[in-house]
Amino acid sequence: MKFTWKKILHHVPLASAFVCMAAVAANEEAAASLLEKYSLLEGRLHQNQFKQPVVLDSTETGNLITGEIYAVIKHPFAEVSQGLNSPDHWCDVLSLHINTKYCRAVVVSGSSILKVNFGKKTPQRLQDAARVEFAYTTVASTASYLNLTLDAKQGALGTSDYHIEFEAAPLPNDNTFLHFTYSYSINFAARFAMRTYLATIGSNKVGFTVTGMDSSGNPQFISGVRGIMERNTMRYYLAIDSFFATSSPLPAVQLEQRLQSWFAAVEEYPAQLHELDAAEYFSMKRAERVRQQADDPAILPQ
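Next up, the structure:
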């Protein structure tokens, strides 16, 4: 059979239509699967130790550590989709986390990249904080489903293969059901560093999974590497929820309201998440915001 450009181009619109239809079907299936998960988790969402509709799980498989949250937030899906389908807004979310020292969204060769510095839970010079660059991808964005990913092959201190995934679908009464996943791999050096931390300043740190009861009937919580993952996954989820804690169009007011919301939320779980008092956290985050507003953070005085 002889093909001509005219014949080939004649079939391009038809092929494009099939691709579009397949994408729509895949998104509808993904949304249905997420809402099916909501039905399966409805009991745990209503009765749990968080006193809010949240389910948190963690796993450690080989060198891969994963934290996963399913939750219902009291914001309409359209608001969630519009707010979070933006690299800049994800910097606003990530920056609420106590370990995030800097975040800027840039475009490199047509792709969105988040340049993020992670460091201590206290004020830190930017050049002393580890840089991780995430590739930001909008996997799906429709009227009933949102799926975003952040991926980084290389991390710091022996960590790699960072993967953050967010998906959401609408629920009745202007609520949204979301699924948040956070994972990374660790090598021998990273595992050794974590063990050193857990044997010293992190020895009293725990996660959220209940592993048993002590002799007095009090819950015992998971510790170790999974405890670390659960704490950070919860901090990120609370940052997502706190991102919507403002209706002000003024950036300075937005920052203050989100900081207030995030700090109040983490203090609901002092055994797992308390690190700083309010004044210390607010002062640190205000200074970090001033620093990351510069086009080139390297030129800022430290």
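If you count the sequence shown from 1, position 151 lands on 151 in our numbering, and the numbers rise without skipping. Idealized CB from N, CA, C, for every residue including glycine. None of these values were measured; they are calculated from a predicted model.
Could you have a look at residue i and say whether DSSP puts it in helix, strand or coil?
i	result
SER183	strand
ARG291	helix
THR380	Here the chain comprises residues numbered 1 to 302, so residue 380 is not present and cannot be evaluated.
PRO219	strand
LEU351	For residue 351 there is no data in the structure shown, the boundaries of the chain being 1 and 302.
TYR269	coil
VAL225	helix
LYS205	coil
ALA239	helix
SER283	helix
SER39	helix
PHE263	helix
SER247	coil
GLU29	helix
LEU276	coil
THR200	coil
Evaluate residue i with the Cβ neighbour count: other Cβ atoms within 10 Å of its Cβ, from every protein chain shown; 16 or more gives buried, anything less gives exposed.
i	result
LYS153	exposed
ALA129	buried
PHE188	exposed
GLU288	buried
SER247	exposed
LYS285	buried
ASP241	buried
PHE18	Reliability fails at PHE18, whose pLDDT of 49 lies under 50, so the model's placement of it is uncertain and the value that follows must be treated cautiously. Flag for PHE18 reads exposed.
ASN204	exposed
PRO172	exposed
GLN47	exposed
HIS75	buried
GLY148	Correcting the residue identity first, residue 148 is Leu in this sequence and not Gly. Burial call: buried.
VAL54	buried
PRO306	Outside the shown range of the chain, which is 1 to 302, sits residue 306, and nothing can be said about it.
THR100	buried
Under 8 Å between the Cβ atoms of residue i and residue j?
i	j	result
ILE164	THR181	yes
TYR102	VAL116	yes
LYS272	VAL210	In the sequence on display, residue 272 carries Gln and not Lys. No.
GLY224	ILE186	no
LEU114	LEU150	yes
ALA25	SER81	no
ILE98	ARG235	yes
GLN52	PHE208	no
PHE77	THR138	no
LYS121	LEU276	yes
LEU238	ALA279	no
VAL72	LEU45	yes
THR196	ASN27	no
ARG104	GLN260	no
TYR162	PHE118	no
Once the 5 residues before and after residue i are set aside, which same chain residues still bring their CB inside 6 Å of it?
i	result
SER58	GLY67, ARG226, MET229, GLU230
VAL132	VAL116, ALA152, GLY155
GLY212	GLN220
ASP214	GLN220
Whose C-beta lies closer than 8 Å to the C-beta of residue i among residues of the same chain, with five residues either side of it excluded?
i	result
PHE243	GLY83, LEU84, HIS89, ASP92, VAL93, LEU96, ARG258
THR233	LEU56, SER58, GLY67, GLU68, ILE69, PHE180, TYR182
GLY64	For the record, residue 64 in the displayed sequence is Leu; it is not Gly. Taken in chain order, the residues that qualify are ASP161, SER183, TYR184, SER185.
Going along the chain, which residues of its own chain have a beta-carbon closer than 7 Å to the beta-carbon of residue i, five neighbours each way excluded?
i	result
PRO123	MET284, ALA287
VAL106	ILE113, LYS115
TRP262	LEU96, LEU238, ALA239, SER242
ALA31	SER144, TYR145, ALA169
ALA245	GLN257, ARG258, SER261
Exercise for the section: Could you name each continuous beta strand (DSSP E) segment of 3 residues or more that falls completely within the segment 118-192, going from the start of the chain to the end? Expected result: Within the segment 118-192, the runs of beta strand (DSSP E) that reach at least 3 residues and sit entirely inside it are, in chain order, 130-141, 146-154, 159-171, 175-186.
Problem - Segments of 3+ residues assigned as beta strand (DSSP E) that fall wholly inside the segment 42-120 - result: 54-61, 64-73, 100-108, 111-118, all fully within the segment 42-120.
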